[in-house]
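Sequential numbering of the sequence shown, starting at 18, is according to the working numbering.
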Amino acid sequence: MDDFSSNKKVINREVYGNKGIAVIWKELSNEDYYSLEKEGLAIDRITLQKLFIHITGGEVK
Numbered sequence: 018m019d020d021f022s023s024n025k026k027v028i029n030r031e032v033y034g035n036k037g038i039a040v041i042w043k044e045l046s047n048e049d050y051y052s053l054e055k056e057g058l059a060i061d062r063i064t065l066q067k068l069f070i071h072i073t074g075g076e077v078k
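So, in structure tokens, the structure goes:
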């Protein structure tokens with residue numbers, strides 16, 4: 018995950034042991050999708066609420 022996200026605008030990162038989640042603010046290219054698949058990483062959406070929390074620096078209450 019660190020290699021893939023190193024040149025991306027990461028607005029949030031969470032690490033859980035040897036796994037992690039990075040919220041990336043960038044449209045992904047075909048090359049990005051290929052790199053994700055090659056590294057065994059998954060891509061998913063976040064909720065609009067979590068997006069606003071990450072970009073405003075707020076916390077979930």
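Backbone N, C-alpha and C define an ideal beta-carbon position, used for all residues, glycine too. Remember, it's a predicted structure, so these values are computed and weren't measured experimentally.
Between residue 28 and residue 71 a beta carbon distance of about 5 Å is seen, short of the 8 Å cut, so the two are scored as contacting. Distance from residue 25 to residue 43 at the Cβ level is roughly 5 Å; contact confirmed, criterion being Cβ atoms closer than 8 Å. Between residue 21 and residue 52, the C-beta spacing is below 8 Å.
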